[in-house]
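Peer 1:
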Amino acid sequence: MSKSSALDSLLESAITQFSEHGYAGASLRNIANGADVPLSTIHFYFKSKSALFLEVRRHAWKEIDEDRNALLDKLLLQTTSVDMRDIVSSLSYPIVRRAFSENRRDRDLIFVASLHGVDLEPRLRIENARQS
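Terminal number for the sequence shown in our numbering: 236, no gaps in between.
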């Protein structure tokens, strides 16, 4: 398995596990099993469960923001006068669409993206705040 596909598989498995079991209930072993990679692969790419979780949240918001930007770009190309309601709709639609989607992965992505207040290691919380 290539590095890219191993990482993609890990992120997808982690989205599912964190959504189904929450941060505390998700195990690295189950995430690795779901990605069909050895547990050591997680430790190679991510030093801890909290580091993996932070990357999963970044991945989720990146996907949402890409959809938002595409909608905003389309809106700006269509008209010279932009209504504030259209801007708000472009920003909220990617979240609402996924939240009510029949696709389980869409709903899982929104759930993971919205998890706040997870008891992460203080060092990683500080690091994450500095990167934002």
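Each residue gets a CB set at the ideal place from its N, CA and C atoms; glycine is no exception.
1. Who are the Cβ neighbours of Val216 in its own chain at under 7 Å, not counting the five residues just before and after it?
2. Please tell me whether Leu176 and Ser194 are closer than 8 Å, where the distance is taken between their beta carbons.
3. With Val192 as the anchor, note down where its alpha helix (DSSP H) starts and where it stops.
4. Determine the contact status of Leu156 and Ile146, defining contact as a CB-CB distance below 8 Å.
5. What residues in its chain sit with their C-beta under 7 Å from that of Leu180, if we drop five residues either side in the sequence?
Peer 2: Let's see:
1. Ile119, Phe122, Ser123, Val160, Arg161 and Ala164
2. yes
3. Met188 to Ala203
4. yes
5. Val186
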